[in-house]
Every structure is written in C-alpha cells, then in structure tokens.
Amino acid sequence: MSLAPARWLERRAIAGLAVAVTALLVVVFYYPVGTVIVEAVGDERGPLAAFAALLRDPFYFGELARLVAGESPLAVGRDLLAGDRRLGVVGFTAYQALLSTVASVAIGLPAAYALARYEFPGRRTLRSLTLLPFVLPSIMVAVGFVAAFGEDGPVNAALGTVGLSIDLFTLEAIVVAHAFYNAPLVARVVTAAWESVDAGAVETARSLGASRSRAFLDVVAPQLLPAVAMGATLTFVFTFGTFPIVLALGGAEYTVLEERIFRLVQELAYAEAAALAVIELAISLGVLYLYLRIEARQAGGRTARPLPRRRLRPPELSVRALVPRVGLVAYGLVAAGLFLAPIASMLGASVTNAGGVTLEHYQFLLERQAEGAAFQAQPLPAIRNSLLFGAGALAVALPTGVVIAVLTTRSYRGRKLIDTVAMAPLAISGVVLGLGLLRGLVFGVEVGGTRLAVGGAAAIVAAHAVAGYPFVVRTVAPELETLDAQLAESARALGATRVRALLDVELPLVWPGVLAGAALALALSIGEFSATVVLATGADQFTMPVAIERFIGRRLGPATAMGVVLLAVTSASFLAIDRLGGDRGGL
Amino acid sequence: MRRRTFVSAVGTGVLASLAGCTDDGAQTEAGDRRLVVGTYTAFLDAPSISPGEWVKTEFESEFDATLVWQSPPNELNHYIERRTSDVGIDADAYVGLTVDQLVRVDEALEEPLFAEAGDVTGADEIESGLDFDPEGRALPYDTGYISLVYDGTAVEAPETFEGLLESEYGEQLIAQNPGTSATGRAFLLHTIHRFGEDGYLEYWDRLQNNGVRVLGAWSDAYAAWQDGEAPMVVSYSTDQVFAEQDGADLEKHQVRFLNDQAYANPEGMAVFADADEPELTREFMSFLLRPEVQGELAQRNVSFPATESAELPAEYGELAKVPPEPVTFGYDRLQGSVEGWIDAWERQFGQQ
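Encoded structure:
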C-alpha cells in the first residue's frame with residue numbers, strides 16, 4: 200500500500216523535475232537577464248539602431264565593420280590580408296580566447312593522460328585538487344603571477360634558463376593565466392572520459408591484431424575527442440566572456456568585450472551594453488552549438504570496467520616504457536612551475552610585509568573574526584557560507600543537470616537548439632547577469648500591489664546552481680547518449696520507472712561524468728563572486744571570495760591571507776569528499 | 004541514499020528561494036531613530052582605510068539613533084538603479100560621492116536623487132577649493148591627492164609630465180585604466196588639465212610609445228609596482244603612511260608631484276531626496292564636519308580633511324604629502340565631457 204504513492208511520485212519525477220527546473224531557470228536566469236537584454240532594442244533611435252552602430256564601428260569589428268558600413272568587399276579583403284589589419288574588440292576577444300583554448304588544451308591533456316592512465320603516489324589527491332585554480336579570485340592570480348613570473352620573480356629566472364620565461368603585460372601573459380584557470384577544466388573532463396573508456400573494447404582490438412597506437416586511434420581517441428572538444432569549448436566560452444585577467448596581467452592595450460560591457464553598464468549606457476552582450480552571447484552560443492554537433496556524432500561504448508592504470512615507475516628499461524614516462528615527468532615539472540609557483544607566491548605574500556616575515560595578516564583575520572562589526576566581512580561566516588552555498592548549489596545543480604541531460608538526449612527535432620539554450624548560463628555576460636539579478640530578483644516585481652523580491656542565502660544558492668548545472672549537463676549528456684539504449688529499455692520492460700532506470704542503471708554507468716560535472720559545479724560555486732554580492736542581503740551572507748575582495752584596501756596582505764584560507768578550505772573539502780566517497784566517489 | 008538527497012534537495016532549494024527577504028535588520032540594536040547611510044565597501048571593510056566602524060560607534064554614543072551602513076556592490080549606481088527601477092531609495096544619505104559620480108547621476112536621472120544639503124552646521128568651514136557641487140547638494144568631507152609614487156633606490160622620478168616621455172623613463176611607469184579605476188581616472192584628468200582636451204590624447208600616445216603600463220585596478224598596479232615590475236606607479240600621496248605601517252624603507256616610497264601639482268579627489272556626502280530622516284542626516288553630516296571628527300576621519304581613511312578647522316596631529320603631514328598646487332576639475336567642467344574624454348582615451352589606447 201505504502202509503495203503506491205512512492206511509485207506515483209517516481210513515475211512523475213522526471214516531468215516534475217523538468218517543471219521545477221524550468222521555473223528555477225525562469226526566475227533566476229531568463230527573467231533577470233531579460234530585463235537587461237531588452238534594453239538593446241529600447242534605443243530611442245530605433246529597435247536595431249544599437250546593433251547597427253556597433254556593427255559599423257571599427258573599434259569593435261575592425262576591418263569587418265567597413266564591410267557592414269558598405270565598403271567594397273574587395274578592398275576590405277585586401278586590408279584583412281595585410282599585416283596591420285584591425286581586429287577590433289570583438290576580433291581580439293575571440294583571438295585571445297582561441298589562443299587561451301589552445302594553451303589550455305595543450306597543458307590539460309597530458310595531465311588527463313597522467314591522471315587517467317598512470318598510478319603514482321598522490322594521484323587521487325592530485326585528481327581531487329585539479330580544479331583548485333578554478334576557485335581563485337583574479338586578484339589573487341594576478342598577485343601570484345606577478346610575484347612568480349615578474350622580472351624579479353624566482354620562477355621566471357628558472358624558466359628563463361630553459362627558454363620558457365613569460366613576459367608580463369603581454370598577450371602571452373593573458374593566455375598563460377587563462378590556461379592556469381582552464382587547463383584544469385580540460386584535464387578534469389578528459390580524465391573522466393578516459394576513465395570511462397571500455398577496457399574490453401581496447402582488449403578486443405588488440406586481440407584482433409591492432410597495434411597499441413592503432414587501438415588508441417581507433418578505440419580510445421574517438422571516445423576522448425568529445426571530452427577534449429567540450430573542454431576546449433568551455434574554455435573558449437569562459438575566456439571569451441571574462442576580463443579581470445586581461446586588465447590585471449595584460450593592460451589597457453588589450454580591450455575585450457566583457458570589459459566594454461562592464462564599462463558601459465557602469466556609465467549607465469544600457470542600450471549599447473545590452474547590444475554588446477547580445478553579440479557576445481550569440482558568438483558564445485554559436486560556438487557551443489558547433490560543439491554540440493560534434494558531440495552528437497561521437498562513438499559509443501561505456502563501461503563499468505575502466506582501463507587499468509600503469510605504474511609511473513617504469514617496469515622495464517625499454518624505450519617504449521621510458522619515453523612516455525620521461526615526457527610526463529618533464530611535463531610535471533613545467534606544470535608545477537605554472538600552477539604551484541603562483542600559489543606559492545600567494546602564500547609568500549600572505550606571510551610577508553615590507554619588513555620581512557610576519558603573521559600580521561592572519562592576525563588581522565583573527566581580530567576581524569573576534570571584533571568585526573555586523574556590516575563587515577568575517578572569515579568564519581565566509582567559510583561557512585562558501586561551504587553551505589557550495590553544498591546547496593551542488594544539491595540543486597546535480598539533479599537539474601541530469602534532468603536536462605536526460606531531456607536533451609531523447610530524440611526529437613530541435614533538441615540541439617534546446618540544449619544550446621540550456622547552456623546560456625555559461626555564455627551570458629556576467630555583468631549583465633549581475634545587473635539582471637539586481638533588477639529582477641533583489642528589486643523584484645510588483646504583483647497586485649505587493650512587491651515580490653527574492654534575495655539572501657536561498658537566492659544565492661539558486662544562482663550558483665544555475666551557473667553550475669550546465670557543467671553537469673555537459674559531462675553527463677554525452678555519456679548518456681552513448682549508453683546502449685537497450686539497457687534502460689530492458690529495465691523499464693521489467694517494470695522499472697524511467698527514474699528508477701536512470702538511477703539504478705544509467706547513472707552508475709556514467710558515474711565518472713557525473714562526478715566531473717559535480718566537481719566543476721562545486722568549484723564554480725565556491726569561486727563565484729558577482730551574483731553573490733548582488734544577492735547577499737548582509738555581510739553575514741558573504742562568501743570567501745567576497746571577503747577577499749572586501750579586505751583589499753591599500754594593502755594587499757590581509758586579502759592574500761584570506762586567499763590562502765580559501766585555498767586551504769577548498770582543498771580540504773575536495774579531499775574530504777574524495778576520502779568519503781571512495782575511488783568512484785571523489786570529485 | 005544518494006537519490007533521496009537528489010529529490011529532496013531540489014524541493015527545498017526552489018521553495019526556499021522564494022522565501023528570501025531583503026532587509027538588513029541585523030544592525031539595528033538601540034535607539035528609536037534609524038539612519039541608513041550608503042557608502043563604498045572599502046570605507047567599511049578594508050583593513051587599511053575603513054573609518055566606518057569608528058564613525059558608527061561615535062555617532063551612536065552621542066545621538067539617540069542607530070547608524071546602519073549599506074555598501075551595495077555597485078556603489079552609487081545601486082541607488083540610481085533603484086530610482087530608475089522605481090523601487091524607492093532605502094537610505095538617507097550617501098558617503099563617498101565624487102564629482103564624476105554626481106555628474107553621472109544628473110545625466111541619468113530627471114528627478115533629483117539628492118536634496119540640497121541645506122543648513123548643516125560646520126559646512127562653512129569646508130575649504131572653498133574642495134566644493135564640487137554647484138547646486139549645493141554634496142558636501143566634501145575629505146580629499147585625497149593622486150600623484151606618482153616611486154622607488155627612490157631605483158629611479159629619480161621626473162619633475163614634469165614632459166619628463167615622463169624621456170627615454171630614460173621608458174617602461175618605468177605603471178598607471179591604471181581610467182575606465183575601471185579611480186586613481187587611473189584622476190591621472191587621466193590631470194593630463195587633460197595639463198594638456199587640454201585637444202592635447203591629452205597626443206600626450207598619451209607618446210606616453211604609450213614610451214612604454215607606460217596601464218593596468219585595470221589600483222591593486223593590480225600597486226602589486227606589480229611592489230614586485231619591481233616598474234619603479235613608478237600612479238597612487239596616493241599618502242603612500243608613506245601605509246609604508247611606515249608596513250615597516251618599509253621610506254626611500255622606496257617616494258612621492259612626486261609632477262609640475263608641483265597633484266589631482267585632488269574630494270569625497271562628498273549628500274542626503275537623498277526622499278530620505279526618511281532628513282534632519283538626522285543633516286546632524287550626521289554636521290557631525291562628520293566637526294574639527295575632531297574631521298581629524299580622526301582623515302587619519303582612519305588615510306586622507307586629508309575637508310575643513311580648515313580640522314584637528315590633525317602635526318606629524319601626520321610628514322608622511323601624508325600635500326601638493327604645492329592641487330588641481331581638479333569642477334562639476335561644470337566635467338559635465339557632458341568626462342565620459343567622452345575617457346571613451347576617446349579607451350578607443351585610442353586600446354585600439355587593436
């Protein structure tokens with residue numbers, strides 16, 4: 200008897216969740232963003248005037264703007280081929296994003312290879328901490344990079360001896376710092392894909408006479424390609440829509456789209472800002488759509504039995520055993536320089552002042568905790584909030600992402616379009632989203648004489664979840680798609696509901712993907728800043744990144760000390776999840 | 004187990020988000036009257052320059068009222084946004100208003116956001132050169148000077164703007180983006196003051212050719228300067244105050260006033276037009292202008308007082324430097340111009 204209502208719920212779980220997810224997205228995403236985007240057509244010169252002005256402006260579109268302005272395509276084409284062509288803000292933004300993507304993939308892939316295919320002491324710890332750079336505020340990365348790679352920096356001196364030094368305040372510095380953020384993302388999603396490769400398929404290929412490299416190219420590579428493409432796509436979209444690193448490590452010579460949007464919003468030039476944001480969104484969604492076309496064409500074959508890991512210590516002194524291992528060790532040294540040096544510099548900055556070594560910055564944190572006023576950011580509440588919001592956001596983002604993954608892997612016309620639209624939270628301008636949340640949620644809407652406003656902890660969790668669920672979709676959907684459809688159908692034929700088949704049969708098979716998505720969503724929540732400050736109704740809701748930002752005055756020490764706290768707390772929680780979850784449970 | 008958390012978490016997440024409230028009642032403890040004051044975050048939170056807590060304690064100990072601080076992330080724009088979205092201003096006053104912000108307010112809004120200051124005791128003590136609002140709404144409460152700070156052990160900074168163009172100062176200066184930083188904006192305005200609106204772009208062209216670095220925020224630039232990326236940085240003339248707190252060698256923290264000038268950035272306060280407590284707000288403004296409060300405020304904010312009667316220890320002036328000739332643009336000069344100036348600069352400097 201008591202089973203009946205439970206079963207009724209189970210039958211409707213997917214549909215119910217789909218409705219809840221849609222409502223959530225409308226309230227914390229589409230409506231708020233809509234309040235800003237609509238300004239693009241609210242221009243007094245006419246609905247499309249703002250777009251027309253932008254498209255004709257060489258500052259934004261370089262030589263292409265002349266085409267829009269009506270110049271001869273031949274003349275424009277000739278100048279495009281010339282050495283001193285103008286890219287414009289949009290062109291440059293795409294160019295640096297493309298370079299950042301190439302660098303992130305190049306740095307991320309060997310890490311994925313090492314993590315997925317080799318066994319070595321600290322492998323699990325390293326995998327758990329892969330996403331650590333993702334949570335760091337840009338000011339911390341800038342401080343770390345300048346200290347590590349600056350002219351007086353210790354690392355640059357060392358790297359210089361092997362010809363790898365990085366010049367700050369150049370395009371190169373921007374690209375490397377973007378790779379610092381995004382190579383871990385590439386590494387994380389590719390590791391997950393590699394861990395789901397069916398060992399049986401590789402063994403079959405080998406037993407049929409395929410060489411190692413043949414088996415890799417025919418069996419493994421096709422299964423990795425979508426993950427690599429996904430990592431690259433996400434990196435492109437992120438680096439296309441961001442600006443703090445460009446401002447801190449590049450300089451004002453390098454103007455990117457999101458910085459223009461930020462500036463225009465600050466100057467209250469909403470029509471132009473919204474039009475630029477629409478252009479940014481369209482380009483990002485276009486790239487995501489292209490990726491989704493690739494994802495749909497990938498090969499299948501998932502398993503619960505992953506490829507066995509090899510020992511990093513060479514089993515024999517043969518060329519075949521040594522070459523990849525020596526390569527990995529060399530890569531490890533470079534990666535350590537890139538990832539550990541800025542973090543070590545941050546640590547150093549937190550325990551020094553002009554007079555030498557000091558603990559005064561940490562002492563400040565203790566004092567602020569003990570004596571801080573209600574309107575001030577305090578370390579412990581910030582730690583608590585970061586963890587609570589992260590857990591809450593994960594608890595919402597996981598089912599949201601899984602439901603959308605299920606809905607977009609069914610076969611129907613236009614599902615790729617729906618899938619693309621569902622990725623909009625990744626592609627939207629953060630500045631526009633922040634303004635939209637202020638207008639749409641904090642100010643609220645008037646319904647029948649009462650103003651419905653939403654703010655505070657629950658709204659922050661919802662906003663973080665909306666920002667994070669696309670990761671879950673992207674790591675789960677491709678894997679679900681390649682599952683043998685008969686598995687779920689057999690389960691359903693045996694009487695299981697759709698949700699039961701999903702939970703008992705499908706999800707366990709794509710578990711590495713679920714975990715990778717969860718890790719990304721959690722890291723995103725812990726590092727989130729702009730939605731949090733807009734939605735927080737008081738200092739008691741500030742998170743660690745907010746505290747860092749608030750502690751920046753005219754001395755950077757206290758902020759870096761809080762940055763170290765952020766790193767320590769985040770590392771500890773990632774490691775704890777890993778230890779609690781076992782090898783298939785760690786994020 | 005896992006699937007149970009899936010489902011129940013969604014339910015509470017969505018429902019709870021509708022229950023969020025938007026009041027910061029936590030700060031109300033004593034007194035019948037409640038004065039709500041908006042400001043920028045560093046005024047309340049930055050360990051180096053935050054007089055907010057002291058002001059609250061002192062004010063409440065004397066007035067039977069509670070001072071509630073607000074620090075919206077987008078600062079003054081928050082209130083402009085509230086007004087244009089028609090949700091009402093939930094504060095009585097704003098502290099930390101600058102000239103260009105006031106210009107922006109007036110260009111964005113048809114109805115006034117702020118009321119005239121009116122009868123505020125002590126307002127006649129404000130130095131006349133600092134007054135920046137021709138309509139008498141904003142009252143300056145302090146000022147700062149933006150100048151060059153340089154490492155005297157590495158370089159001897161030039162005396163003039165023209166000197167910065169000499170080859171020996173190539174790649175020696177770090178400045179900030181006027182679009183994203185207050186110090187960067189002040190330095191740009193100083194060059195416009197110096198070379199005129201027809202000449203500043205050419206000056207910047209030459210400065211760019213001489214390798215000036217323009218970073219996004221003051222903190223980015225100062226961190227790079229401290230790490231020795233360049234020996235000169237655009238910063239505050241109070242730099243030695245922080246340097247001494249840090250135990251730094253003051254020789255490495257020298258201040259240079261180019262052409263014996265520095266750009267003054269007075270900060271003002273104003274009462275919102277629809278304040279609930281306009282009279283209490285005026286008492287608050289008057290409180291901030293008292294000689295002893297002015298002195299304390301300047302020291303805690305590491306800035307300079309706005310009144311002539313401020314009580315400041317004599318030694319404060321030894322580390323906090325005042326330029327021989329402060330320069331600044333008033334409201335009338337900036338109105339209708341400042342956005343265009345910055346835009347033109349961005350289009351030239353960031354052209355690609």
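Residue numbers (the working numbering), protein chains in the order written: chain X, 200 to 786; chain V, 4 to 355. Cβ atoms here follow ideal geometry from the backbone N, Cα and C, with glycine treated the same way.
Asked: Cβ-based burial, X/A676 [other Cβ within 10 Å; buried from 16]; Found: buried
Asked: Short CB-CB distance (under 7 Å) between X/N154 and chain V; Found: Since the displayed chain X opens at 200 and closes at 786, residue 154 of chain X lies outside it and no answer follows.
Asked: Beta-carbon neighbours of V/S51, restricted to chain X and to distances below 7 Å; Found: G752, R753 and R754
Asked: Given V/R140 as reference, the closest of V/F332, V/D154 and V/V123 once Cα atoms are compared; Found: V/V123
Asked: Endpoints, beta strand (DSSP E) assigned at X/L297; Found: Looking at the DSSP string, X/L297 is not in any beta strand (DSSP E); the run it does join, the alpha helix (DSSP H), is G287 to R316.
Asked: Contact check, V/L116 vs V/E280, beta carbons under 7 Å; Found: no
Asked: Contact set for X/N381: own chain, Cβ-Cβ below 7 Å, skip 5 residues either direction; Found: S299, S303, T434, F437 and T438
Asked: Touching by the beta-carbon criterion (3+ pairs, under 8 Å), the region 277-295 of chain X and the region 456-476 of chain X; Found: yes
Asked: Cut-off 6 Å between Cβ atoms - residues of its own chain near V/Q243, not counting five sequence neighbours on either side; Found: L253, H256 and L322
Asked: Same chain, Cβ closer than 7 Å to X/E678, neighbours up to 5 away in sequence not counted; Found: S395, R501, V709 and G712
Asked: Buried versus exposed call for X/S610 [16 or more other C-beta atoms within 10 Å across all chains shown]; Found: exposed
Asked: Length-filtered (4 minimum) alpha helix (DSSP H) runs lying within the region 633-677 of chain X; Found: none
Asked: One or two residues paired with V/M235 in a DSSP bridge; Found: V/Y153 and V/L176
Asked: Stretch pair the region 335-354 of chain X + the region 234-248 of chain V: three plus CB contacts closer than 8 Å; Found: no
Asked: With 16 other Cβ atoms within 10 Å as the buried cut-off, status of V/D208; Found: exposed
Asked: Chain V residues whose Cβ lies nearer than 8 Å to that of X/P443; Found: G219
Asked: Interface partners of X/G629 on chain V, CB under 7 Å; Found: Within 7 Å Cβ-Cβ: nothing; X/G629 doesn't reach chain V, min ~12 Å.
Asked: V/V42, enclosing alpha helix (DSSP H) - first and last residue; Found: The residue asked about is misnamed: residue 42 of chain V is Thr in this sequence, not Val. Run containing V/T42: none in the alpha helix (DSSP H); it sits in the beta strand (DSSP E), R36 to T42.
Asked: Interfacial residues, the region 315-344 of chain X to chain V, with Cβ spacing under 8 Å; Found: I338, A341 and V342
Asked: Spatially closest choice to X/P257 from X/R244, X/V342 and X/L279, by CA coordinates; Found: X/L279
Asked: Spatial distance of X/S772 from V/D103 (CA atoms); Found: 45 Å
Asked: Nearest neighbour of X/V477, chosen from X/P309, X/A251 and X/V218 [CA to CA]; Found: X/A251
Asked: Cβ distance (whole Å) where X/I213 is taken to contact X/V605 below 8 Å; Found: 6 Å
Asked: Identity of the residues DSSP links to V/F275 by a beta bridge; Found: V/F117
Asked: Cβ separation of V/I149 and V/A265, assumed to be a contact under 8 Å, to the nearest whole Å; Found: 6 Å
Asked: X/P757 at chain V interface by Cβ criterion, 7 Å; Found: yes
Asked: Where X/Y259 meets chain V, residues with beta-carbon distance less than 8 Å; Found: What X/Y259 touches in chain V: nothing, since even the nearest Cβ is about 10 Å away.
Asked: Helix, strand or coil at V/L100 according to DSSP, with G and I counted as helix; Found: strand
Asked: Cut-off 7 Å between Cβ atoms - residues of its own chain near X/R508, not counting five sequence neighbours on either side; Found: R316, Y317 and E318
Asked: Cutoff 7 Å: X/T454 Cβ touching any chain V Cβ; Found: yes
Asked: Three-state secondary structure assigned by DSSP to X/Y611; Found: coil
Asked: Near-chain V residues of the region 466-478 of chain X (beta-carbon distance less than 7 Å), N- to C-terminal order; Found: E466 and L467
Asked: X/I218, buried or exposed, once every other Cβ within 10 Å from all chains shown has been counted against 16; Found: The sequence shown places Val at residue 218 of chain X, not Ile. X/V218 is exposed by the Cβ-count criterion.
Asked: Neighbour-count burial assignment, X/P541, 16 or more Cβ in a 10 Å radius; Found: buried
Asked: Cut-off 7 Å between Cβ atoms - residues of its own chain near V/A246, not counting five sequence neighbours on either side; Found: L253 and H256
Asked: Residue(s) in a DSSP beta bridge with V/Q264; Found: V/E328
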